[in-house]
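Working notes for the structure below.
In the UniProt record's numbering, the protein residues as written are 1 to 818.
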């Protein structure tokens, strides 16, 4: 290449193999290494093809942070692996009449090569793949430990079913009533499935968020709090005619019990059929068939017309002995509380809409000052004074709740309780390409875990059409694999044919990274104690209540098992936005997709990375139609020329150089340091651009390329640019006479003496328009600055006498209102 011409492709061809040889980013395990440790984690990529624009953004952003801490002298662990089980590989295998592993591992190699080309500072010695038996063996081992602790269990009930992917989904994987992966409308089915008892950890998942305040985005903490949905209230037992066992309902407003005028059971709950009068069973079954066609989102919609059927029985209100009719309706869900509610129509809008539709009584029991809901059709859910409520009359809400709970507990008809929106994690999947659940079903011994010494339970060799979804797992057809002797009694038994949700794989992978070849457990406990928890995690907000919640749960269980000494896995979380195009998410249907590889071919890795980082704050979306990798390429060419034109020798004393440029260099360094540590990477890049311009000016019209201050500026620029443009920074560092790698250069310290400002530019406005700029002392007083502004020759023509008001913000602004 021409020594003075910036050629991004030539730099990539030169430095990629050099980095492979140098391995500058390998984390050290030497106990004598004095550097403090820092664990950097990026989102866990799925190998669905080559890297796309979203990958380009998140890994460019994460690499800024990792490279910065390398430069700051930390022993940084920055690993890479692949979340390589899952449906896309299975669907591709069906289409290609192949095995999912073929597609998966080919894509992994493609992505690995692209990552290396993209110059990400990974420690490649830590690489792992969750579809390797050496990894998923430990999924199974952990499942057995959860099973022993009562945290893994199997039960029947209504589940979310994706008719397209032919598998069940956890509640967290249903978004707006649709499958979060394929977008198909989710339906409810009755199945027996495996669950993790995440609800046992609901309080800790909520309370431990106090440790994450300030380290996680507040919106993610809010999303998790809302998903867990802890509420306090009371369980109230209603006697139902014809049933010996009372029916329990949960309510957050037990103070309104005297206003309950009917009782509602979820139409699809088993309870509805149990208590229904025989003569009403036909109507109930017909109604349930209609309800089965609706998603939960549709059922809970406030504007949906209320429907239901009377079950022909009555319940007894435990506080006043009143008989109230029992209905089945779709606006109550089977998995909320106990699948039944007391309906208080005066103070709940959905109850009121139902009561008005079926002409049921409406009784006000909380006086809020609003008009009667029975007449207006508008419920009054707020606080007020209790009325028509016997012993509660005249009490405020808090006092009334305490009193009614006291009364219920005294009569044995209720108690104070806490309820959660969170439901146990449904982890069974009726698909092939996942971790087999290590349970053997024996007709005599029941559910028997596969002994640890027999792990891993590997997958049989199924491919092509044998993997086609059919409502049950494809593994059920592998009879030689399914039929095995019971580990306890040696009698004939069968393997469980479901596989685990792939979120199990990604709930603990970050612990395996410390030693992916460890054979004595899922991870090296002692090494995890040295490296964990994760100091900085960078990933998408779309996993706020999926991967992040599950990882927190796993970490707490592992803490209780004595395997980790922390309860929160990720101390700091940085979310990135999306890369869109022309105002919309990229899609084949819209024809607005942008290919990352093509952008790199056209502009070079450094220009694409710089564009990603410079486009805006990390959490904002990037519209590729509004940014310019060409402009980034032009800037990098300018920076390259600055670094290659320096003519002074390495090691020259910068103190003998131009003072003005030295001040710009050190102020830039100080500001970029603070900007990077506060995740304002785009502003940091802007400061690097300003330093490049100042250095260019010093070379062209100032002290010249031989000045020691020019070398200091260029060396500082190379180190800072290495965070966002590693190829040009590496080449520049070498051209400046240093050994590679620039990653080992160390982050320079700004000289406090050079940060002191001699003067500040003060903007003077008259009636909101800039009329002068004054160079003033940075410590000038408001009074002195006001005098200078009013005496300015450029300001006085716009004043006709004393101004009405002068607003002074020393030392940078004076605003005069004439």
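Here a beta-carbon is modelled for each residue, glycine too, at the ideal position from N, C-alpha and C.
Please read these numbers as outputs of a predicted model, since none were measured by experiment.
Residue range of the beta strand (DSSP E) that includes residue 682 | Run containing residue 682: none in the beta strand (DSSP E); it sits in the alpha helix (DSSP H), 681–701.
With DSSP as the reference, label residue 207 as helix, strand or coil.
-> Three-state DSSP puts residue 207 in a helix.
Would DSSP call residue 550 helix, strand or coil?
-> In the structure shown, residue 550 sits in a helix (DSSP, three-state: H, G or I).
What is the C-beta distance between residue 617 and residue 574, in whole angstroms, given that I count them as a contact (C-beta under 8 angstroms)?
-> Rounded, the Cβ-Cβ distance is 10 angstroms, inconsistent with contact.
State the Cα-Cα distance for the pair residue 640 and residue 6, rounded to the nearest angstrom.
-> 6 angstroms
Report the three-state DSSP secondary structure of residue 635 (helix, strand or coil).
-> Look at residue 635 here: in three-state DSSP terms it is helix.
Helix, strand or coil: how does DSSP classify residue 798 here?
-> Residue 798: helix per DSSP, three-state reduction.
Under the rule that 16 or more other beta-carbon atoms within 10 Å means buried, what is residue 802, buried or exposed?
-> By the neighbour-count rule (16 or more Cβ atoms within 10 Å), residue 802 is not buried but exposed.
To which residues of the same chain is residue 673 closer than 8 angstroms at the C-beta, ignoring the five residues directly before and after it?
-> 747 and 750
Which residues does DSSP pair with residue 155 in a beta bridge?
-> 193
What did DSSP end up calling residue 310 once you bin it into helix, strand or coil?
-> In the structure shown, residue 310 falls within a strand segment according to DSSP collapsed to helix, strand and coil.
DSSP beta-bridge partners of residue 232 = 418
Quick one: is residue 83 buried, meaning 16 or more other Cβ sit within 10 Å of its Cβ, or exposed?
-> buried
Looking at the unbroken beta strand (DSSP E) that takes in residue 485, where does it start and where does it end?
-> 483–485
Tell me the DSSP bridge mates of residue 765?
-> 770 and 815
Find the nearest neighbour of residue 776 within the set 89, 789, 597 and 307, judged by alpha-carbon distance.
-> It is 789 whose Cα lies nearest to the Cα of residue 776.
What are the start and end residues of the alpha helix (DSSP H) that includes residue 405?
-> 397–411
What three-state label does DSSP hand residue 178 in the structure shown?
-> strand
Less than 9 angstroms separating the beta-carbons of residue 347 and residue 366?
-> yes
7 angstroms CB neighbourhood of residue 43 in its chain, flanking five on each side removed = 58, 538, 539 and 540
Tell me which same chain residues have a C-beta within less than 7 angstroms of the C-beta of residue 646, skipping the five on either side of it?
-> 705, 710, 711, 714 and 736
Name the residue from 784, 636 and 402 whose alpha carbon lies nearest to the alpha carbon of residue 252.
-> 402
Own chain, CB closer than 8 angstroms to residue 133, minus 5 neighbours either side, in chain order | Around residue 133: 456 and 458.
From this set, 650, 696 and 499, which residue's C-alpha is nearest residue 665's C-alpha?
-> 696
Looking at the unbroken beta strand (DSSP E) that takes in residue 42, where does it start and where does it end?
-> 37–42
Could you work out which residue in 504, 8 and 578 is closest to residue 426 when comparing CA atoms only?
-> 504
According to the Cβ coordinates, are residue 563 and residue 139 closer than 9 angstroms?
-> In this structure, residue 139 does not lie closer than 9 angstroms to residue 563 by Cβ.
Would you call the region 551–565 and the region 522–529 in contact, with 3 or more CB pairs under 8 angstroms?
-> yes
Buried or exposed (CB count within 10 angstroms, at least 16 for buried), residue 418 | exposed
Exposed or buried, which one is residue 808 when buried takes at least 16 other CB atoms within 10 Å?
-> buried
Residue closest to residue 248, alpha-carbon to alpha-carbon, out of 258, 264, 256 and 255 | 264
Less than 9 angstroms separating the beta-carbons of residue 398 and residue 334?
-> no
Taking the beta strand (DSSP E) that residue 341 falls in, what are its first and last residues?
-> DSSP places residue 341 inside the beta strand (DSSP E), whose first and last residues are 340–343.
Environment of residue 342 [buried if 16+ CB atoms lie within 10 Å] = Here residue 342 is buried: its Cβ has 16 or more other Cβ atoms, across all protein chains shown, within 10 Å.
Residue 613, enclosing alpha helix (DSSP H) - first and last residue | 605–614
Using only alpha-carbon positions, find the residue among 476, 452 and 471 that is nearest to residue 461.
-> 476
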